[in-house]
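Undergrad:
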Amino acid sequence: MMEDHTVPASVRTVYVLDSGELIYSREDYEKIRERFAWVDQHFVLSELLRLRRLTDNGKQSLIAIYETGRVIKPFLNIDHNFHQADLVSPSRVAE
441 MMEDHTVPAS VRTVYVLDSG ELIYSREDYE KIRERFAWVD QHFVLSELLR LRRLTDNGKQ
501 SLIAIYETGR VIKPFLNIDH NFHQADLVSP SRVAE
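As numbered in the working numbering, residues 441 to 535 make up the sequence shown, in order.
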């Protein structure tokens with residue numbers, strides 16, 4: 441009998457500082473929280489739930505929250521070729 445070892449989909453939030461530093465952990469976020477006071481947490485939660493439904497098994501989606509420009513941008517079904525450096529690219533914010 442074969443077992444199904446499907447990796448579930450996941451959705452993460454990343455805060456992108458003006459310096460290009462990426463903040464993933466809650467502990468690190470708490471240190472810079474006031475810099476993102478403009479973020480509507482209800483919107484972020486609704487995006488997390490929306491992306492969870494849309495993300496394929498074995499894939500990951502991200503919600504990038506940029507300090508520069510005060511932009512929130514979803515990245516759906518990113519693959520293994522996606523590099524964290526792509527998050528801080530100025531063209532990513534403008535897309």
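Using N, Cα and C, we set each Cβ at its ideal position, and we do this for glycine too. Computed from a predicted model, the values in this text were never measured in an experiment.
F515 by DSSP, collapsed to three states: which one?
TA: Reduced to three states, the DSSP call for F515 is strand.
Undergrad: So, helix, strand or coil for R475, using DSSP?
TA: Looking at R475 - three-state DSSP - the assignment turns out to be helix.
Undergrad: Using 10 angstroms around the beta-carbon of I503, count the other beta-carbons present and answer buried if the total reaches 16, otherwise exposed.
TA: Label assigned to I503: buried.
Undergrad: Can you name, in chain order, every residue of its own chain whose Cβ lies under 7 angstroms from the Cβ of E470, other than the five neighbours on each side?
TA: Here the set comprises nothing.
Undergrad: What three-state label does DSSP hand Y469 in the structure shown?
TA: In this structure, Y469 counts as helix in the three-state DSSP scheme.
Undergrad: So S501 is in the beta strand (DSSP E); what residue range does that whole segment cover?
TA: Start and end: 500-506.
Undergrad: Which residue wins for smallest C-alpha separation from D447, given the options A525, F522, D519, N497?
TA: Residue identity check: residue 447 is Val in the sequence provided, not Asp. Checking every option, the nearest Cα to that of V447 belongs to N497.
Undergrad: Which residue or residues does DSSP assign as beta-bridge partners of R492?
TA: Its beta-bridge partners do not exist; DSSP assigns none.
Undergrad: Between Q481, R493, L527, E474, which has its C-alpha nearest K513's C-alpha?
TA: Selected option, being the one with the closest Cα: L527.
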